[in-house]
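Worksheet: one structure, shown below.
There are 2 protein chains.
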Amino acid sequence: MRVSSLVVVALLASLSAATAKAQPGSSPHVDPLPSWNETARKQAVIDFVNRVTDRDGDDYVPPAQRIAVFDNDGTLWPEAPLPFQVEFVFEELKRRAPQEPKLAADPMVQAALAGDVKKLLAGKHYDGLMRILALTHTGITTDEFNARVETWRETTRHPRFQKAYTDLTYQPMQELLKYLRDNGFETFIVSGGGADFMRVWSEAVYGIPPQNVVGSTALTKFEFRDGKPVLIKTMDQAFVDDKDGKPVGIHQFIGRRPIACFGNSDGDQAMLEYTTIGNPLPSFGMLVHHTDAEREYAYDAHPPASGTLVTALAAAPANGWNVVDMKTDWKQIWGTDTMEAANKVSDLLVGNWLAEDIENRGVVDRAHTTLEIADDGTASGNTSVNRYSGKAKISGDKIELGRLVMTRRAGPQSLMDQETRFMAALAKVTRYRIGDDGLLYLIDAEGNEIVRFSKIED
Amino acid sequence: MRVSSLVVVALLASLSAATAKAQPGSSPHVDPLPSWNETARKQAVIDFVNRVTDRDGDDYVPPAQRIAVFDNDGTLWPEAPLPFQVEFVFEELKRRAPQEPKLAADPMVQAALAGDVKKLLAGKHYDGLMRILALTHTGITTDEFNARVETWRETTRHPRFQKAYTDLTYQPMQELLKYLRDNGFETFIVSGGGADFMRVWSEAVYGIPPQNVVGSTALTKFEFRDGKPVLIKTMDQAFVDDKDGKPVGIHQFIGRRPIACFGNSDGDQAMLEYTTIGNPLPSFGMLVHHTDAEREYAYDAHPPASGTLVTALAAAPANGWNVVDMKTDWKQIWGTDTMEAANKVSDLLVGNWLAEDIENRGVVDRAHTTLEIADDGTASGNTSVNRYSGKAKISGDKIELGRLVMTRRAGPQSLMDQETRFMAALAKVTRYRIGDDGLLYLIDAEGNEIVRFSKIED
Numbered sequence: 001m002r003v004s005s006l007v008v009v010a011l012l013a014s015l016s017a018a019t020a021k022a023q024p025g026s027s028p029h030v031d032p033l034p035s036w037n038e039t040a041r042k043q044a045v046i047d048f049v050n051r052v053t054d055r056d057g058d059d060y061v062p063p064a065q066r067i068a069v070f071d072n073d074g075t076l077w078p079e080a081p082l083p084f085q086v087e088f089v090f091e092e093l094k095r096r097a098p099q100e101p102k103l104a105a106d107p108m109v110q111a112a113l114a115g116d117v118k119k120l121l122a123g124k125h126y127d128g129l130m131r132i133l134a135l136t137h138t139g140i141t142t143d144e145f146n147a148r149v150e151t152w153r154e155t156t157r158h159p160r161f162q163k164a165y166t167d168l169t170y171q172p173m174q175e176l177l178k179y180l181r182d183n184g185f186e187t188f189i190v191s192g193g194g195a196d197f198m199r200v201w202s203e204a205v206y207g208i209p210p211q212n213v214v215g216s217t218a219l220t221k222f223e224f225r226d227g228k229p230v231l232i233k234t235m236d237q238a239f240v241d242d243k244d245g246k247p248v249g250i251h252q253f254i255g256r257r258p259i260a261c262f263g264n265s266d267g268d269q270a271m272l273e274y275t276t277i278g279n280p281l282p283s284f285g286m287l288v289h290h291t292d293a294e295r296e297y298a299y300d301a302h303p304p305a306s307g308t309l310v311t312a313l314a315a316a317p318a319n320g321w322n323v324v325d326m327k328t329d330w331k332q333i334w335g336t337d338t339m340e341a342a343n344k345v346s347d348l349l350v351g352n353w354l355a356e357d358i359e360n361r362g363v364v365d366r367a368h369t370t371l372e373i374a375d376d377g378t379a380s381g382n383t384s385v386n387r388y389s390g391k392a393k394i395s396g397d398k399i400e401l402g403r404l405v406m407t408r409r410a411g412p413q414s415l416m417d418q419e420t421r422f423m424a425a426l427a428k429v430t431r432y433r434i435g436d437d438g439l440l441y442l443i444d445a446e447g448n449e450i451v452r453f454s455k456i457e458d
Numbered sequence: 001m002r003v004s005s006l007v008v009v010a011l012l013a014s015l016s017a018a019t020a021k022a023q024p025g026s027s028p029h030v031d032p033l034p035s036w037n038e039t040a041r042k043q044a045v046i047d048f049v050n051r052v053t054d055r056d057g058d059d060y061v062p063p064a065q066r067i068a069v070f071d072n073d074g075t076l077w078p079e080a081p082l083p084f085q086v087e088f089v090f091e092e093l094k095r096r097a098p099q100e101p102k103l104a105a106d107p108m109v110q111a112a113l114a115g116d117v118k119k120l121l122a123g124k125h126y127d128g129l130m131r132i133l134a135l136t137h138t139g140i141t142t143d144e145f146n147a148r149v150e151t152w153r154e155t156t157r158h159p160r161f162q163k164a165y166t167d168l169t170y171q172p173m174q175e176l177l178k179y180l181r182d183n184g185f186e187t188f189i190v191s192g193g194g195a196d197f198m199r200v201w202s203e204a205v206y207g208i209p210p211q212n213v214v215g216s217t218a219l220t221k222f223e224f225r226d227g228k229p230v231l232i233k234t235m236d237q238a239f240v241d242d243k244d245g246k247p248v249g250i251h252q253f254i255g256r257r258p259i260a261c262f263g264n265s266d267g268d269q270a271m272l273e274y275t276t277i278g279n280p281l282p283s284f285g286m287l288v289h290h291t292d293a294e295r296e297y298a299y300d301a302h303p304p305a306s307g308t309l310v311t312a313l314a315a316a317p318a319n320g321w322n323v324v325d326m327k328t329d330w331k332q333i334w335g336t337d338t339m340e341a342a343n344k345v346s347d348l349l350v351g352n353w354l355a356e357d358i359e360n361r362g363v364v365d366r367a368h369t370t371l372e373i374a375d376d377g378t379a380s381g382n383t384s385v386n387r388y389s390g391k392a393k394i395s396g397d398k399i400e401l402g403r404l405v406m407t408r409r410a411g412p413q414s415l416m417d418q419e420t421r422f423m424a425a426l427a428k429v430t431r432y433r434i435g436d437d438g439l440l441y442l443i444d445a446e447g448n449e450i451v452r453f454s455k456i457e458d
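Protein sequences, first through last, are from chains A and B. At position 71 of the first sequence the residue is numbered 71 (full-length UniProt numbering), and the sequence of numbers has no breaks. At position 326 of the second sequence the residue is numbered 326 (full-length UniProt numbering), and the sequence of numbers has no breaks.
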């Protein structure tokens, strides 16, 4: 039962927006939170920090007691379209399947490779997801596991933002982590994600060392291999650090009640309660509400995968939890590097592409329908009969090809029909993705892959 | 099986002496380890710290990687005559039994109250000890448990040293903790003892905050009581942080391999191996060997209760582990406060005492055989026939009454016989204890309680 809820960990997490107690605050000379707009949420954080660090005030809290806990998925980085650890699992299976026929033959591995999340979640105990978690998280040494997570970090990219996953952290929360540490707080991650998974990069990414990462865990097994001690990962005594498990994990791993807690979903509600209700010390709770579909994602009751936010959002006003409205409270969501990357046309997209399929009807044999993308966003190509060109609007995985100018020659009816379908399809395109097969897919607003291209090598 | 091994935790632990790699070391202006004699063990520690902190050297280790782990029982404080957490359990049962008839009626509680450790350890799974651990460690909130540990700290005294248990830490190890922290190490306790038990006082006693305490744990249960969130202690998913459990616990709670490890028993062998064998970073291992019966205790294969040291001692030379010989390597074992207290005649002992029993033969009715102890150590009294006096040699729980001067009157045969037995008994006395019943017991070298006194109130 515990083990089955690891699924919950992997596929549930959350976020939200704020009831802030606006208070007149001091004006630091250098703004510690430049990515936050000047709203009540920013002021609430600053006021709290000022209160607990004022040695002469009634609310002074000694540094040793300044424990701040942060959920990770949806609070410090995104959890869409899937929690990043699930993306890791999928990548691992993709990488290993070609070399491991037995693994590749597993029906749940096949479901994962096909992206069939529904099948993985079928059954009361999410047997499929459990199986692929076990296949990728056990039976290897902790060093081997760490190396695999490192490889994933270095080689894979988020499908929408085309950045390494660990580069996709929220800039305002990064500033908050640093601001709290600069004020004598000790910052901890308390996440449903796997502790071993996060500890590989938490120090480099958040400045949070492994010993300050509380997550889902299971026992390892100590043994000698080739005369050297190793720890083998197992699923024994699996502990799920989610929902009620969060305060339990906080007590077990930290042993001290936090005074500040940051989350984004119903899975964080218990640790928010534990932090803020009946705490003899001054305390602070905050929920990040994902309200920004343009820059990130927008969801609460119906998240893309994990992060349901319903009960915690309802409980926020009564408990004085501050709810961040991502869209209005955050001036900037990503770090400057990430934003530059998102605005830059991906190197993968730049080049000349040959249409292979248009709206599931194939292409006319021997016709040559193309799309060329230049690194300044210029889009041009051939319909087999006419040439077209224009400026594509590209940002991250978004692409719009609406305003294209075309020559007006006539040709055979079959090619003219295809031209009409092709140009109509291009006009509907909102997103693209480059598949692992190297093919370019143009996607409409409903998520349908309406044109497929292969790369024309120079 | 796991749960049953909690016993192992409570009743096993260990210590030892050293194979040091003596190296010429630098001479700091202020000696950071003044309680250590100038032997190879002290030099080995200093050399290691110099190596890993030298930015220009090949063995430099960045501060984030300077993880040092310390066993507690037998390494930072004693574990005799019983591990201190077991003493806490006994005290808790003593305190609660009078108010809780059901508890008092429990056969294992009765065994504990009678000090019948054998009965508690009977059976394959040490059922008795498990039972009293559960009775004292579960079903209460973490706050309630913490308060009980605090009370124990404040109100009970070690039977031999007559000091609060948490004042009985080893001065050389306290200096070592500080020395390592001053050199950028982060110090952790990794103990078979209960994490919750140690975290109550670890920061005050060792400067080690709760989040740096790895110990035996079990899950808590999150719930609301009177509208406030609490965590109820249970025995669910009990994890025993001993033997192979120590590296497992280090990985689970710290997530980073230590470079320095300090232990005293076979229970620490696995974490010493994990720290020093095949570690890509420079590493250091040390065992404290209890060789000093005079100032503390002497044991290895046959400890008073916990702390068997056999296999780890045998493995030390091959692994380059430094073995501290407590008797020769440590100039001073206790802090100055503790030593002063040990040399002072206990207030409890000072006063006039009436003999109730002499060598299990009672005392002659209406006879008045006494022992008066003054706070300067003067011992005097009455045998019913004669008066005697002299200077007792008192230190901690040790007392010697060898050189007494007596008047030479004669009296009835029964009283003269008793006088002979009484004075012979006094000559054999090596230790004393004040029982919870307020009675004074004088003890011979074999541990027999040979004279029992009650206090004569002024």
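We put the CB at the ideal spot given by N, CA and C, even for glycine.
Note: proline 229 of chain A is bridge-paired with A:Phe224 in the DSSP secondary-structure output.
Within the region 300-344 of chain B, the runs of alpha helix (DSSP H) that reach at least 4 residues and sit entirely inside it are, in chain order, 311-319, 326-329, 336-343.
In this structure, the CA atom of lysine 102 of chain A is about 40 Å from the CA atom of glycine 267 of chain B. Its chain contains Arg51, Val52, Pro282 as the residues whose beta carbon lies nearer than 7 Å to that of aspartate 59 of chain A, once the 5 sequence neighbours on both sides are disregarded; these appear in chain order.
For a Cβ distance threshold of 8 Å, residue set Pro210, Gln211 of chain A lies close to isoleucine 254 of chain B, ordered along the chain.
When beta bridges are read from the DSSP output, asparagine 352 of chain A appears opposite A:Glu372. A straight line joining the alpha-carbon of tyrosine 432 of chain A with that of proline 229 of chain B spans about 48 Å. In the DSSP assignment, threonine 291 of chain A forms a beta bridge with A:Ala298. Inter-segment contact for the region 285-305 of chain A and the region 234-250 of chain A is absent: fewer than three beta-carbon pairs are separated by less than 8 Å. Measuring C-alpha to C-alpha distances from glycine 115 of chain B to each of B:Ile250, B:Lys124, B:Arg131, B:Lys94 identifies B:Lys94 as the nearest.
Taken in chain order, the members of the region 226-243 of chain B whose beta-carbon sits within less than 8 Å of a beta-carbon on chain A are Gly227, Lys228, Pro229, Leu231, Gln237, Phe239. DSSP places arginine 433 of chain B in no alpha helix (DSSP H) but in the uninterrupted beta strand (DSSP E) bounded by 429-434.
Excluding its 5 nearest sequence neighbours in each direction, serine 346 of chain A has C-beta neighbours in its own chain below 7 Å: Gln162, listed in chain order. Look at the beta carbons and you see the region 209-220 of chain B not touching the region 175-182 of chain B: under three pairs across the two are nearer than 8 Å. In this structure isoleucine 132 of chain A is in contact with valine 89 of chain A, their Cβ atoms being roughly 6 Å apart against a cut-off of 8 Å.
By the rule that beta-carbons nearer than 7 Å mark a contact, proline 247 of chain A touches chain B. A distance below 6 Å between beta-carbons, with the five flanking residues on each side excluded, links tryptophan 36 of chain B to the following residues of its chain, in chain order: Lys42, Pro172.
Under the Cβ distance rule, leucine 219 of chain A counts among the residues neighbouring chain B, one pair being separated by less than 7 Å. Just so you know, the alpha carbons of threonine 430 of chain A and glycine 57 of chain A end up roughly 55 Å apart. When rounded, the separation of the alpha-carbon atoms in leucine 168 of chain B and asparagine 264 of chain B is 16 Å.
Leucine 415 of chain A sits away from alanine 355 of chain A, with the two beta carbons spaced by 7 Å or more.
Looking at the DSSP output, arginine 452 of chain A bridges to A:Asp357, A:Tyr441. In terms of Cβ geometry, tyrosine 165 of chain A and phenylalanine 84 of chain A form a close pair [threshold 7 Å]. Below the 7 Å Cβ cutoff, chain B contributes no neighbours of isoleucine 456 of chain A, its closest Cβ being approximately 47 Å away. In this structure, the CA atom of isoleucine 434 of chain B is about 51 Å from the CA atom of threonine 234 of chain A. Straight-line measurement puts the Cα of valine 200 of chain A at about 32 Å from the Cα of glutamine 174 of chain B.
Our two residues, valine 109 of chain B and lysine 118 of chain B, have alpha carbons roughly 13 Å apart in a direct line. The Cβ atoms of aspartate 357 of chain B and arginine 452 of chain B lie closer than 7 Å to each other.
A residue is called buried when at least 16 other Cβ atoms come within 10 angstroms of its Cβ; aspartate 436 of chain A does not meet this threshold and is exposed. By a beta-carbon distance limit of 8 Å, glutamate 372 of chain A does not contact isoleucine 333 of chain A. Their separation comes to about 31 Å. Counted as a single uninterrupted DSSP element, the beta strand (DSSP E) harbouring arginine 387 of chain B occupies residues 387-391. In the displayed model, leucine 404 of chain A falls within a strand according to three-state DSSP.
Between proline 258 of chain B and threonine 275 of chain B, the C-beta gap is smaller than 7 Å, which places the two residues in contact.
With a 10 Å radius around the Cβ and a threshold of 16 neighbouring Cβ atoms, glycine 447 of chain B comes out exposed. Counted as a single uninterrupted DSSP element, the stretch harbouring asparagine 212 of chain B is not any alpha helix (DSSP H), since DSSP gives it neither H nor E.
For serine 306 of chain B against glutamate 79 of chain B, the beta-carbon gap comes to about 5 Å, under 8 Å, which counts as contact.
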